[in-house]
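**Student:** Following our numbering, the numbering of the sequence shown begins with 5 at its first residue and continues without gaps.
Here it is, the structure, as structure tokens.
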Amino acid sequence: MLHSLLVILLLLVPRGARPAPSDPVQVVEVDLVYARATLLRGRGGAVLVDTGLPGAGARILGVAHRAGIEPEDIELIVLTHVHVDHAGGAAELAQRTGARVAVQAAGQGLLAAGLGAPVVPHTPLGEVIAWVGDDHRVPAYDAEIVVEDRLDLTPWGIDGFVLAAPGHTACSQAVVVPGQLAVVGDLIVGPSKSPQIPNLRELPDQVISSIQAVLAYHPQQLYLGHVAPVPEERAVALVDAR
Ligand SMILES: [Zn+2]
5 MLHSLLVILL LLVPRGARPA PSDPVQVVEV DLVYARATLL RGRGGAVLVD
55 TGLPGAGARI LGVAHRAGIE PEDIELIVLT HVHVDHAGGA AELAQRTGAR
105 VAVQAAGQGL LAAGLGAPVV PHTPLGEVIA WVGDDHRVPA YDAEIVVEDR
155 LDLTPWGIDG FVLAAPGHTA CSQAVVVPGQ LAVVGDLIVG PSKSPQIPNL
205 RELPDQVISS IQAVLAYHPQ QLYLGHVAPV PEERAVALVD AR
């Protein structure tokens with residue numbers, strides 16, 4: 005009797021801040037060997053998050069095709085930030101799909117000028133990354149959508165939004181589908197088993213608060229820019245450890 009009462013009481017306890025489930029979004033991961041891109045298919049078309057290095061278009065569209073997504077289905081390209089391994093394929097993919105490109109306001113001028121966002125190392129590995137990739141230019145593209153902090157994705161059939169997530173770069177942004185997933189670019193880096201804050205930090209003081217802002221929406225999986233996705237609890241542990 006006591007046990008049943010307890011169960012009933014537990015069932016009555018509200019789930020706190022956990023958001024109401026959004027319509028499920030299908031995720032297609034595109035492993036580009038070095039970088040990663042992510043396709044999100046909601047109601048209707050698809051949204052591509054990140055575009056790899058210059059020349060990655062054929063591989064991304066090939067993976068999309070095998071998942072049943074044709075170029076014309078991709079109506080929006082979101083760039084998590086303007087580094088060449090994420091924004092390098094934007095111009096080519098916009099041309100091949102007809103999609104509009106969304107970039108955070110702080111990155112618009114850089115992308116239009118063909119310049120990458122600053123590469124600011126904070127660790128020895130960061131120094132190596134900065135040295136290896138010392139040509140930071142990207143193919144220039146005049147983005148159609150300049151995101152001022154946030155962009156609602158419901159017009160593209162996804163119950164989520166793009167959210168400013170500065171830290172790795174000033175122009176970093178994340179895609180968030182509350183209660184389901186987030187695509188965070190290089191806001192969090194590998195290894196997937198013990199994710200870390202990025203080695204490159206243009207705005208180091210804002211990395212943790214940006215991760216916290218994403219985690220406030222309880223994404224079950226966080227898709228990263230270079231390694232396999234991590235579950236929510238590993239990202240929470242990363243923040244808790246700081
Ligand atoms: Zn980056």
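Cβ coordinates follow ideal geometry from the N, Cα and C atoms, glycine included.
What residues in its chain sit with their C-beta under 8 Å from that of valine 240, if we drop five residues either side in the sequence?
**Tutor:** The count along the sequence shown starts at 1 and reaches residue 240 at position 236. Cβ neighbours of valine 240 beyond the five flanking positions: Leu219.
**Student:** Go ahead and pull the three-state DSSP assignment for threonine 42.
**Tutor:** Taking the first residue of the sequence shown as 1, we reach residue 42 at position 38. Three-state DSSP puts threonine 42 in a strand.
**Student:** CA-CA distance, tryptophan 135 and valine 86?
**Tutor:** Working through the sequence shown from its first residue, we reach residue 135 at position 131. Working through the sequence shown from its first residue, we reach residue 86 at position 82. So the two alpha carbons sit approximately 18 Å from each other.
**Student:** Mind listing, in chain order, the residues whose beta carbon lies closer than 7 Å to a non-hydrogen atom of ligand 1?
**Tutor:** Those residues are His85, His87, Asp89, His90, His172, Thr173, Gly189, Asp190, Leu204, Gly229, given in chain order.
**Student:** The beta strand (DSSP E) with arginine 154 in it runs from where to where?
**Tutor:** Counted from its first residue, the sequence shown places residue 154 at position 150. Taken as a continuous stretch (DSSP letters only), the beta strand (DSSP E) holding arginine 154 covers 154 to 156.
**Student:** Quick one: what does DSSP say glutamate 2 is sitting in, helix, strand or coil?
**Tutor:** Since the first residue of the chain shown is 5 and the last is 246, residue 2 is not available in this structure.
**Student:** Please say whether valine 166 and glutamine 184 have beta carbons closer to each other than 8 Å?
**Tutor:** As a position in the sequence shown, residue 184 is number 180, starting the count at 1. As a position in the sequence shown, residue 166 is number 162, starting the count at 1. No, the pair does not count as a contact, with Cβ atoms beyond the cut-off.
**Student:** How many whole angstroms separate the CB atoms of threonine 55 and proline 122, which I take to be in contact at a CB cut-off of 8 Å?
**Tutor:** As a working mapping, residue 55 is identified with position 51 in the sequence shown. As a working mapping, residue 122 is identified with position 118 in the sequence shown. Going by Cβ atoms, the distance from threonine 55 to proline 122 rounds to 20 Å, so no, they are not a contact pair.
**Student:** Between the segment 89 to 108 and the segment 50 to 69, do at least 3 Cβ pairs fall closer than 8 Å?
**Tutor:** Short answer: they touch.
**Student:** Could you tell me the alpha carbon to alpha carbon distance between proline 233 and alanine 117, rounded to whole angstroms?
**Tutor:** Taking the first residue of the sequence shown as 1, we reach residue 233 at position 229. Taking the first residue of the sequence shown as 1, we reach residue 117 at position 113. Cα-Cα distance, rounded: 32 Å.
**Student:** Would you say the segment 153 to 160 touches the segment 124 to 131, given that touching needs at least three Cβ pairs under 8 Å?
**Tutor:** Short answer: they don't touch.
**Student:** When the distance is taken between beta carbons, is valine 34 closer than 8 Å to isoleucine 64?
**Tutor:** Sequence index remark: in the sequence shown, residue 64 carries index 60 (1-based). Sequence index remark: in the sequence shown, residue 34 carries index 30 (1-based). Against a cut-off of 8 Å, the Cβ pair of valine 34 and isoleucine 64 comes out as a contact.
**Student:** Please name the residue, chosen from Ala110, Gly72, Gly66, that lies closest to arginine 100 on a Cα-to-Cα basis.
**Tutor:** Against the sequence shown, residue 100 aligns to sequence position 96. That would be Gly66, whose Cα lies nearest to the Cα of arginine 100.
**Student:** Which full runs of the beta strand (DSSP E) of 3+ residues lie inside the segment 103 to 185, going along the chain?
**Tutor:** Here the runs fully enclosed are 104 to 108, 149 to 151, 154 to 156, 165 to 168, 177 to 181.
**Student:** Would you call the CB atoms of valine 105 and leucine 83 closer than 8 Å?
**Tutor:** Stepping through the sequence shown from its first residue, residue 105 is reached at position 101. Stepping through the sequence shown from its first residue, residue 83 is reached at position 79. It is a contact, given that the beta carbons lie within the stated cut-off.
**Student:** Is DSSP giving proline 195 helix, strand or coil here?
**Tutor:** Indexing the sequence shown from 1 puts residue 195 at position 191. Note: proline 195 maps to coil in three-state DSSP.
**Student:** Run the CB neighbour count on serine 214, radius 10 Å, all protein chains shown included, and call it buried at 16 or more, exposed below.
**Tutor:** If you number the sequence shown from 1, residue 214 lands on position 210. Buried, because 16 or more other Cβ atoms sit within 10 Å of the Cβ of serine 214.
**Student:** Need the endpoints of the beta strand (DSSP E) that leucine 36 sits in, please.
**Tutor:** The residue you call residue 36 lines up with position 32 of the sequence shown. 30 to 36 is the extent of the beta strand (DSSP E) around leucine 36.
**Student:** Check this for me: beta carbons of glycine 171 and valine 211, under 8 Å apart or not?
**Tutor:** Taking the sequence shown and counting its residues from 1, one reaches residue 171 at position 167. Taking the sequence shown and counting its residues from 1, one reaches residue 211 at position 207. Yes, the pair counts as a contact, with Cβ atoms nearer than the cut-off.
**Student:** Could you compute how far the alpha carbon of alanine 98 sits from the alpha carbon of tyrosine 145?
**Tutor:** In the sequence shown, counting from the first residue as 1, residue 98 sits at position 94. In the sequence shown, counting from the first residue as 1, residue 145 sits at position 141. Using only the alpha carbons, I get a separation of about 9 Å.
**Student:** So what's isoleucine 201 in DSSP terms, helix, strand or just coil?
**Tutor:** Numbered from 1 along the sequence shown, position 197 holds the residue referred to as residue 201. Coil, per DSSP.
**Student:** So, is glycine 113 buried or exposed, given that buried needs 16 or more other C-beta atoms within 10 angstroms?
**Tutor:** Translated into positions along the sequence shown, residue 113 becomes position 109. Result: exposed.
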